[in-house]
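Below is one structure, written out as structure tokens; comments come after it.
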Amino acid sequence: MFRLALKMLVGDRGKYALLVSGLTFSTMLMAQAMCLFCGIMSWTVSSVRNIRASVWVSDPMVEQVNDNKPLRSSDLSRVRSVPGVAWAAPLYQGAQQARLAGGDIKGITLVGLDSATLAGAPGRILAGRLEDLRLPNTVIIDEFAVERFSEATGRAFGIGDVFEINDREARVVGICRAERSFTGGPYIFTQYERALDYAPAQRKMLSFILVGAAPGYSADEVAAAITAATGLRGWSESALIWSTLDWYIANTGIPINIGLLVVVGFVVGIVFSAQTFYAFVLDNLRNLAALKAMGLTARLLVPMLLLQAITVGSIGYGFGMLLTSSFGFFTLGYGRIAYLMPWQVPVVAGAAVLSICVFSALLGITKVVRTEPAIVFR
Amino acid sequence: MISLLLRRLTVWLALGGLAATTVLVNRMHGDLSAEAPPPPVPPATNPYGTGLGAAGLVEARRENTAVGAPQPGLVAAVQVAVWDRVEAGQPLFTLDGRDLQAALPVQTANAAVAAAQLERLREQLARLEAVDDVRAITLEELRNRRSDVRVAEAQLQAALSAEAQTRALLERLVVRAPIAGTVLQLNLRVGEYVSPSAATPPLILGDIATLQIRAEVDEQLAGLVRPEAPATAFIKGNAQQPIPLTFVRIEPFVVPKRSLTGNSSERVDTRVLQVIYSFPAGERRVYVGQQMDVFIAGEAKP
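In the order they appear, the protein sequences are chains A and B.
In this text, residue positions in the first sequence follow the numbering used here: the first is 2, and each later residue adds one.
In this text, residue positions in the second sequence follow the numbering used here: the first is 91, and each later residue adds one.
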């Protein structure tokens, strides 16, 4: 009987294609918007993902990682004195401007790493060596900087090239891969002391303290211990990420704007596929009525219709995700688009498509149930 | 037939979509979830379960001696080089003393003149005193002659003193080591002008057989420093070599923390308690002026 239902579904190729394409489109719209949303949100926490440490310490008033309320340099010793802290290293992070040969000025995110340990150094060095950061006036730039600087100077920018940060020379000794940042330009890594030289002098310059947890302590325990003992604020990596995300959700229009896109996808899906499915049911009403006349009860007809709807939904969903993920693979190589697909995206999109299908099927079911078998003879 | 093909194709494509999604999710998830990697260079970790962290600066035992110049002047000679071991009293450098040297022969000559004068007066006096006939000379004249001799004696003494003064001033231009130690820094070269009020001392001496560390503890933690607590230091960037420390003293005066940004308008109100520890230099390549990470065992409550 269910075989019959599937035959009925694919029997009319045009209708079938229309149904599938509607759901494909809707899936893609929703998934794509969610991926873009996740992507943009992931850019807001790119500092935490580029500068890795299990625990971060900041001023108690800091809400997110792009916030700059510097600490006193002696706070480093205080943090080192907290039980559970294996090591602590200073970190400078700030938005500065790079001046290129030719006078072009580009915004950058300057990161100063502890000179002794290089804690928080970029994990993926594509060219050059991290140790070369110990040479005078050296920086490691990310791929995005290579792209931006090459555009500005009109030639391939790379290792050995120089630019200026606040009138001081910066020589490129390495290129790394880093996540894009939401606020600033590309990431430029250098040593902490040199970063203080590059940045205009302020009363306090220590943006964050990076901390490693001692064996036997979890990051959350250490973060809580630091908060309690020093009056500063300790964050585990994930706590800082979530606090940053919350801050951007609460303080920017991103979630509403992109959320609307998801809603549009959902509505388009419902309208389009419910309509098409209803039309499909109407077209097959005679056949369904014949089945009814042959003695098929509603109890059998309803699962048949549901099966049809879910089949169409699954295939449309599959198509939609195929398109979405193809785009995702493209962004992996391209890098300029804020795009991230956590597992929640396909799940939520799937649930939405499923609900659209069930809704459409219900529309059809009410029609079929009310149909007189006699319609066959009209 | 076509319908079958269509069905198959769509199903496979849909499954392909699911597979691609799974792969993508895994790839993007992989970036996110990894544990934070350890720093490229292993950092110094607190060797005591609970302890105080401090920033330390290596200095020579009993601190570094910044040898000063006694007076402004040109450097005529430098008798030592850095790393030289010197004994107390050994000449370190000499200031230009040509003016004094020029005055010296004059003063020597003056002394000779005074001596000759004295000699002459003494002879005259002796001759007068040798006369037995009291009528030949007056008492008055004899007295005058005697006082002339005394004046000449005093003049000779003055001339000799002036000469001795010049010699002492010349000697003062040779700056000598106040302590036995090693020349750690030499900020002067022959021909340079040195001044006692210069910001950088011309020469730094120190006893580096035993080094000491000036550990700076944040004032908020000052109450937790216990003299008997064991302490360990690590050279910056070398976490493999812990250096056990011996307590020397706590500086009774809490000072503002040095080297924040070096900005003259610095107003950050951070003060530190300085704790002095010593350690034998031995074979370790530890240099005076190096920064150290110091850990002092302590209570759990910072």
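For each residue, glycine too, the CB sits at the ideal point set by N, CA and C.
Asked	Found
E238/A: contacting residues in chain E (beta-carbon distance under 8 Å)	Annotation note: the requested chain E is absent from the structure, which comprises protein chains A and B.
Buried/exposed call for I303/B, threshold 16 Cβ in 10 Å	buried
Rounded separation between P334/B and M42/A - CA only	48 Å
Residues bridged to L72/A [DSSP beta-bridge criterion]	L207/A
Option in G12/A, N51/A, R50/A and P61/A with minimal Cα separation from G232/A	P61/A
Sub-9 Å separation of S82/A and F183/A beta-carbons	no
A167/B, DSSP secondary structure in three states	strand
Residues near F158/A by beta carbon distance below 7 Å, same chain, minus five either side	V147, F150 and S151
For R130/A, the three-state DSSP class (helix, strand or coil)	coil
Cβ-based contacts, 8 Å cut-off: residues of the stretch 9-34 of chain A near chain B	V11, G12, R14, Y17 and V21
Counterpart residues of I189/A in DSSP-defined beta bridges	L111/A and I142/A
Cβ-based neighbour list, E177/B, same chain, cut-off 8 Å, excluding 5 preceding and 5 following	A267 and A270
Simplified DSSP state of L147/B, which is helix, strand or coil	strand
Whole-angstrom distance between R279/B and L246/B, CA atom to CA atom	40 Å
Cα-Cα separation between S368/B and A134/B, rounded to whole angstroms	19 Å
Beta carbon proximity, L111/A to chain B, threshold 9 Å	no
Identified DSSP bridge partners for W88/A	G213/A
Counted within 10 angstroms of its Cβ, other Cβ atoms place N116/B as buried (16 or more) or exposed	exposed
Local Cβ density within 10 Å of L350/B, reported as buried at 16 or more and exposed below that	Note that L350/B has pLDDT 47, beneath the 50 cutoff, so the model's placement of it is unreliable and the number below is only indicative. It is buried - the Cβ of L350/B has at least 16 other Cβ atoms within 10 Å.
Cut-off 6 Å between Cβ atoms - residues of its own chain near I166/A, not counting five sequence neighbours on either side	Q97, A99 and Y199
Any non-hydrogen atom of the ligand SAM closer than 8 Å to Y279/A Cβ	Ligands in the displayed structure: none, and consequently the ligand SAM is not present.
Residue range of the unbroken alpha helix (DSSP H) whose run includes R262/B	L229 to R262
Residue burial classification, S55/A (beta-carbon count within 10 angstroms, cutoff 16)	buried
Cβ shell of V1/A (< 7 Å), same chain only, five flanking positions each side left out	In the structure displayed, chain A extends from 2 to 379; residue 1/A sits before or after that span and is not available.
Opposing strand residues paired with L142/B [DSSP bridges]	I386/B
Alpha-carbon to alpha-carbon, S237/B and R225/B	21 Å
Status (buried if at least 16 other CB within 10 Å, exposed otherwise) for D115/A	buried
Residue range of the alpha helix (DSSP H) that includes D247/A	E238 to N252
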